[in-house]
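Chemist: Converting from the sequence shown to our numbering requires adding 16 to each position, the first position being numbered 1.
Yeah, the Cβ is synthetic: ideal placement off N, Cα and C, and Gly gets one too.
Before I ask anything, here is the structure I am working with.
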Amino acid sequence: MMRNKFSEAVLFSVLISFLLSCSSKSISSKYYYQNQKVLDRIEESYKRLNSLHPFSIAFTDRKFETISFNIKTDSLSYLYNFGINEPRLTDTLVKFKFNVPEILELIQRMKFIRCTWINNYDYYVDEIKNSLIFISVKPLALNAFLSSQKYYTLTYFPQPQYFDSAGQLLDKRKLRRLRKINGEVFKRINDKVCYTISGNFR
């Protein structure tokens with residue numbers, strides 16, 4: 017009798033885990049497609065601006081009023097903290113010759129969609145350098161389902177990727193080995209965009 021109860025408990029636990037996994041995938045994909053235009057616009061804008069002057073942006077407060085702005089040069093990396101309406105932000109962008117209106121517009125789009133972080137990430141396949149763009153979001157739409165400590169992180173690849181039958185990102189089609197990025201397994205949204213639910217926004 018005890019064994020039957022234990023077996024039922026294990027089966028119930030497995031079933032709940034499966035349903036949560038399916039729900040997570042469904043909700044995550046739905047969120048992306050509902051917000052695709054804004055997310056893609058953020059990615060496209062950042063990609064173009066970053067190619068001119070490498071940088072990353074992270075919101076550091078819950079009200080999305082303060083950012084950490086990391087400026088990367090050939091020799092140094094500068095990290096600044098600004099209120100998004102501070103004159104110091106504009107002055108610094110001018111000093112480093114950024115396109116000020118476009119950077120400020122990017123920041124406002126990030127705030128609108130509760131995007132906590134955007135960055136360029138370099139990785140290597142067969143000793144060939146590749147790049148992707150990370151976007152982390154703290155969406156209200158997912159808060160009812162996910163823990164308040166979780167983040168929805170997207171990766172934008174410049175070329176189609178390989179996936180296994182479960183939609184998990186692979187290193188290569190032939191090797192069938194999962195590719196982990198920052199220790200996380202990413203799942204397919206489309207051929208070039210993947211997602212994960214993580215406890216870290218970067």
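In or out: Thr76 buried (at least 16 other Cβ within 10 Å) or exposed?
Modeler: When all chains shown are included, Thr76 counts as exposed.
Chemist: Let me know if Gln175 comes out buried or exposed under the rule of 16 or more other beta-carbons within 10 Å of its beta-carbon.
Modeler: exposed
Chemist: Going straight from the alpha carbon of Thr169 to that of Pro103, what length do you get?
Modeler: 30 Å
Chemist: With a threshold of 7 Å on Cβ separation, who are the neighbours of Phe80 within its own chain once the five nearest residues in sequence on each side are excluded?
Modeler: Lys127, Arg130
Chemist: Nearest to Ile87 by alpha carbon, out of Arg78, Asn101, Leu109?
Modeler: Of the listed residues, the one whose Cα sits closest to Ile87 is Leu109.
Chemist: Spatial neighbours of Ser84 within its chain, please: C-beta separation below 7 Å, excluding the five flanking residues on both sides.
Modeler: Same-chain partners within the cutoff: Ala74, Thr76, Leu95, Asn97.
Chemist: Using the three-state DSSP reduction, which class does Leu148 fall into: helix, strand or coil?
Modeler: strand
Chemist: What three-state label does DSSP hand Cys38 in the structure shown?
Modeler: Caution is warranted here: a pLDDT of 41 is assigned to Cys38, below 50, making its placement in the model unreliable, and the coordinate value is therefore given only provisionally. Reduced to three states, the DSSP call for Cys38 is helix.
Chemist: At what residues does the alpha helix (DSSP H) containing Phe128 begin and finish?
Modeler: 116-128
Chemist: Would Phe112 be called buried (16 or more neighbouring beta carbons within 10 Å of its own) or exposed?
Modeler: exposed
Chemist: Excluding the five sequence neighbours on either side, which residues of its own chain have a C-beta within less than 6 Å of the C-beta of Asn146, listed in chain order?
Modeler: Here the set comprises Tyr139.
Chemist: Tell me which residues share the same chain as Leu186 and place their Cβ nearer than 8 Å to its Cβ, disregarding the 5 neighbours each side in the sequence.
Modeler: Gln177, Tyr178, Phe179, Asp180, Arg192, Arg193, Leu194, Arg195
Chemist: On the CB-based measure, 16 or more other CB atoms within 10 Å of its CB, does Ile151 come out buried or exposed?
Modeler: That one is buried.
Chemist: Take Ile228 and list the residues in its own chain whose beta-carbon comes closer than 6 Å to its own, dropping the five residues that flank it on each side.
Modeler: Here the chain has residues from 17 to 218 only, and residue 228 is not among them.
Chemist: Ends of the alpha helix (DSSP H) at Tyr178?
Modeler: Counting along the chain, no alpha helix (DSSP H) covers Tyr178, and no H or E run does either.
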